[in-house]
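Heads up: the structure comes next, in C-alpha cells.
Number of protein chains: 2
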Amino acid sequence: MKIAVLIGKDFEDSEYTRPAEAFRHAGHRLVHLGLKKGETVTGKKENTPVTIDMDVKDARIQDFDALLIPGGYSPDNLRAYDEPVRFVREFMESGKPVFAICHGPQLLISARAIQGCRVTAWKSLIQDVKNAGAEFIDSEVVVDGNLVTSRNPDDIPAFIDASLQKLKLAA
Amino acid sequence: MKIAVLIGKDFEDSEYTRPAEAFRHAGHRLVHLGLKKGETVTGKKENTPVTIDMDVKDARIQDFDALLIPGGYSPDNLRAYDEPVRFVREFMESGKPVFAICHGPQLLISARAIQGCRVTAWKSLIQDVKNAGAEFIDSEVVVDGNLVTSRNPDDIPAFIDASLQKLKLAA
C-alpha cells in the first residue's frame, strides 16, 4: 500500500524513522509530502534527513491508502500553511487510515477534523484537543474508526502495531 | 516595575531580547521564571542564553507587576507542565498586564484564560485561538484590557509600544 508521510522541519526523529521502517518492512511504500519537492528536512534531535518527494499541494487523496503524521515541531511548522491543512482535512474526510503521533494532532485540529473523535496526543496539546471538540484519552494508543493516535516516542511500539493492523484491514 | 518573563528552551530570540531591552531601558526590572532556577535556556535561532532566576512554582503573582511571554517553541515546552500554566492562569485572573507574542498565547489557551478575549497570535495557532473561545484578529498588535498580543517578530515594535503604554498606565 502507498502511505503519504506529511513531514516538515524539526520533526521528532524516532516518530518518523521507526514507523517508516516498520511500514516498509511490512511491504508498504512511503511518499514524503511537504512544502517543497526536493527539499531535505531534518529531525530536531538527531538531524535525520528526509527528502520531500512531492509538494503537498500537488498530492491527491486518491493516490494514497493511508497518512502518517510524525510529531515534533513539524506539525506546527506545516499548519502555518493552507495546503498541508487542506490535505489533512480531505484525507480525514476520505475515511482512509490516518496515523498521528505526539504533536501530529495539531494538524488534525487546524483541519477541524476531530470534533467528536476519541484522540490522544502529546501532553501540551490536551487543552487544544478538548477545545477542538474531541475527547482526550491518556493512553499509549487510541483508535477511533480509522484514526490512530499516540502520545510520545515511548508509545511508538503500540502506535506501529495499531497502524499496521489498520493497513491490514484496509488492504 | 517588576516584570516576570516566563521562558523555556527554544524561545524565539528576538521576541525576548528586544522587549527585554526596551523594558530595561524604560527602567523596569525583569525576573526570569522557568522550570528550574539556575538553568540556562537558549533561543532557537541565535542560541541567546537566558538564566532562570526563579522556579515558576515558587513565584507569587503579588510580587510582579506584569508578565511577558516570548514565543518560539518555549510556550509549548512550558505548557507541558502544570506550574507554568497555573501561573499564567492566576496572572490573567489578577488583571495585571500580560504581554504574549507569537506562540505565547499557547500558554493562555492551556490556562483557559482567553475565552471572550480579542487576541492575535502566530498564524499556526489561529484555529486553536478560535477553539479557545477567543476572537482572532489579524493585526500587528491587539490590546484587550490589560492583555497585549502580537503575531510574529515583525510586530515587535508595535508590541513593545503597546506594552510600555500598559506599564505606564499601571504604574
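For the protein sequence lines, the chains are A and B, in the order given.
Residue numbers for the first sequence follow our numbering, beginning at 1 and rising by one.
Residue numbers for the second sequence follow our numbering, beginning at 172 and rising by one.
Glycine included, each C-beta is placed from N, C-alpha and C at the ideal position.
Distance, residue j Cα to residue i Cα
i       : j       : result
V56(A)  : I7(A)   : 10 Å
L338(B) : V176(B) : 14 Å
P328(B) : Q62(A)  : 47 Å
A26(A)  : G242(B) : 41 Å
E254(B) : R60(A)  : 44 Å
S245(B) : H199(B) : 23 Å
T219(B) : G145(A) : 45 Å
M263(B) : D161(A) : 43 Å
S110(A) : I297(B) : 8 Å
W293(B) : S334(B) : 18 Å
L318(B) : E311(B) : 14 Å
K44(A)  : I272(B) : 23 Å
F159(A) : S321(B) : 37 Å
V50(A)  : Y81(A)  : 19 Å
N323(B) : S124(A) : 21 Å
R195(B) : D13(A)  : 40 Å
E90(A)  : S265(B) : 43 Å
K301(B) : V98(A)  : 24 Å
F87(A)  : N248(B) : 27 Å
P190(B) : A284(B) : 23 Å
E210(B) : E39(A)  : 36 Å
Sequence-distant residues of the same chain with beta carbon closer than 7 Å to residue i, five excluded per side
i       : result
D65(A)  : M1, K2, I3, K96 and A170
G34(A)  : I7, G8, V41, I52 and V56
M54(A)  : V31, L33 and K37
E256(B) : Note on residue identity: the sequence assigns Val, not Glu, to residue 256(B). R250, L278, S281 and A282.
V314(B) : A333
T17(A)  : T48
Residue range of the unbroken alpha helix (DSSP H) whose run includes residue i
i       : result
I280(B) : P276 to S281
H25(A)  : D13 to H25
R354(B) : Since the displayed chain B opens at 172 and closes at 342, residue 354(B) lies outside it and no answer follows.
I160(A) : I156 to A170
S74(A)  : S74 to L78
S256(B) : Per the sequence shown, the amino acid found at residue 256(B) is Val instead of Ser. Where V256(B) is concerned, the enclosing alpha helix (DSSP H) stretches over D253 to S265.
Chain-ordered chain B contacts of residue i [CB-CB under 8 Å]
i       : result
R112(A) : Q298
S139(A) : Under the 8 Å cutoff, chain B gives no residues; its nearest Cβ is about 17 Å from S139(A).
Same chain, Cβ closer than 8 Å to residue i, neighbours up to 5 away in sequence not counted
i       : result
Q286(B) : A303, G304 and A305
I137(A) : R118, V119 and T120
Within chain B, the residues that residue i reaches when beta carbons sit closer than 7 Å
i      : result
R79(A) : S295
Start-to-end residues for the beta strand (DSSP E) that takes in residue i
i       : result
F99(A)  : V98 to I101
S150(A) : L147 to S150
A66(A)  : A66 to I69
P49(A)  : P49 to T51
D144(A) : V142 to D144
K173(B) : K173 to L177
V41(A)  : T40 to T42
Exposed unless 16 or more other CB atoms sit within 10 angstroms - verdict on residue i
i       : result
R250(B) : buried
E192(B) : exposed
Q336(B) : exposed
D128(A) : buried
D10(A)  : buried
L155(A) : The sequence as given places Asp at residue 155(A); Leu does not occur at that position. Answer is buried; the Cβ neighbour count reaches 16.
D58(A)  : exposed
E217(B) : exposed
Chain A contact residues for residue i, given Cβ-Cβ distances below 9 Å
i       : result
I121(B) : Within the shown structure, residues of chain B are numbered from 172 to 342, placing residue 121(B) beyond reach of any answer.
Where residue i meets chain B, residues with beta-carbon distance less than 9 Å
i      : result
D76(A) : Y244, D247, H274, W293, S295 and L296
Same chain only: Cβ atoms within 6 Å of residue i, ignoring 5 sequence neighbours per side
i       : result
G104(A) : I69, G71 and P75
L67(A)  : A4, F91 and V98
Contact test: residue i Cβ vs the ligand NAP heavy atom, cutoff 7 Å
i       : result
F307(B) : Annotation note on the ligand NAP: not contained in the displayed structure, which lists no ligands.
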